[in-house]
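The structure appears right after this line, and notes come after that.
2 protein chains.
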Amino acid sequence: MELLKQYYAVIFTNTRTVGDNGYAEMAAAMETLARKQKGFIDFETARDQLGISVSYWDSLEAIANWKANLDHQVAQNKGMSDWYSWYKVRVCRVEREYEFNHRKSK
Amino acid sequence: MELLKQYYAVIFTNTRTVGDNGYAEMAAAMETLARKQKGFIDFETARDQLGISVSYWDSLEAIANWKANLDHQVAQNKGMSDWYSWYKVRVCRVEREYEFNHRKSK
């Protein structure tokens with residue numbers, strides 16, 4: 362088994378309020394901005410009734426820096442006032458991982 | 362800050378193959394079965410282009426037991442042969458969490 366380089370996942374689970382209210386534009390801008398941050402690794406997102414976005418970072422410091430980013434703080438405040446009826450954030454350390462790729466497995 | 366009782370998240374990120382092929386029925390059955398397992402805490406799922414499902418467990422042992430569950434193994438095999446073109450599984454330890462509820466915050 363390969364040794365896993367330590368990294369972290371931030372699981373952001375949420376339910377939206379009704380209507381867009383500028384959400385889609387801000388969400389796209391925040392993803393673009395997150396991808397430019399030091400320590401950013403990857404971002405995955407999906408939504409149907411529930412929204413789940415997971416961002417991956419190489420340290421807890423990188424996560425703290427992103428949370429404190431001024432543009433991101435504006436978005437976080439709009440998130441609470443306008444966009445989300447509920448959310449939960451979980452900061453996690455990835456302990457192990459494995460991957461399946463259908464084409465490679467044949 | 363409250364002390365967090367240690368628990369774990371399994372992040373299952375995936376892309377589907379084309380067509381249902383019995384997937385929806387099996388996914389529902391597996392969620393029902395997972396919820397009955399010892400150590401199960403919660404399950405969250407969302408899909409648009411990407412599927413992200415996160416299950417939460419109270420120990421690594423509970424996660425290992427669920428992975429080894431015979432009915433779940435049948436589903437895992439069908440997942441590789443029929444349902445998923447790609448997936449990645451990350452087993453994570455939740456280090457901290459916080460929650461927002463719009464109604465409670467007013």
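Listed in order, the protein sequences are those of chains A and B. Counting from 362, one number per residue, gives the positions in the first sequence under this note's numbering. Counting from 362, one number per residue, gives the positions in the second sequence under this note's numbering. The C-beta atom is built at its ideal place from N, Cα and C for all residues, glycine as well. On a predicted model such as this, the values are computed, not experimentally measured, just so you know.
For L411(A) and E405(B), believed in contact at Cβ under 8 Å, the rounded distance: Reading the second sequence from its first residue, position 44 is the one you call residue 405(B). Reading the first sequence from its first residue, position 50 is the one you call residue 411(A). With a Cβ gap of about 6 Å, E405(B) and L411(A) count as contacting.
Under three-state DSSP, which class holds Y384(A)? Start at 1 with the first residue of the first sequence, and residue 384(A) comes out as number 23. Looking at Y384(A) - three-state DSSP - the assignment turns out to be helix.
Looking at the C-beta of T459(A), does it have a partner C-beta in chain B at a distance below 9 Å? Counting from one through the first sequence, the residue named residue 459(A) turns up at place 98. Looking at the sequence provided, one finds Tyr at residue 459(A) rather than Thr. Cβ-Cβ to chain B under 9 Å: yes for Y459(A).
Simplified DSSP assignment, three categories, for R396(B): The residue you call residue 396(B) lines up with position 35 of the second sequence. It is helical.
What are the boundary residues of the beta strand (DSSP E) that includes V450(B)? By 1-based counting over the second sequence, the position of residue 450(B) is 89. Taken as a continuous stretch (DSSP letters only), the beta strand (DSSP E) holding V450(B) covers 445–462.
Thinking C-alpha only, which one of M387(B), V371(B), Q367(B) is nearest N438(B)? Here residue 438(B) corresponds to residue number 77 of the second sequence, with the count starting at 1. When only C-alpha atoms are compared, the closest one is M387(B).
In whole angstroms, what separates the C-alpha of F401(B) from that of N426(B)? Mapped onto the second sequence, residue 401(B) falls at position 40. Mapped onto the second sequence, residue 426(B) falls at position 65. Between F401(B) and N426(B), the C-alpha separation is close to 11 Å.
For I372(A) and F461(B), the rounded distance between their alpha carbons: Taking the first residue of the second sequence as position 1, residue 461(B) is located at position 100. Taking the first residue of the first sequence as position 1, residue 372(A) is located at position 11. Going from the Cα of F461(B) to the Cα of I372(A) covers about 14 Å.
With three or more C-beta pairs closer than 8 Å as the rule, is the stretch 436–450 of chain A touching the stretch 442–453 of chain B? no
Where the stretch 405–417 of chain B meets chain A: residues whose CB sits under 9 Å from a CB there: E405, T406, A407, R408, D409, Q410, L411, G412, I413, S414, V415, Y417
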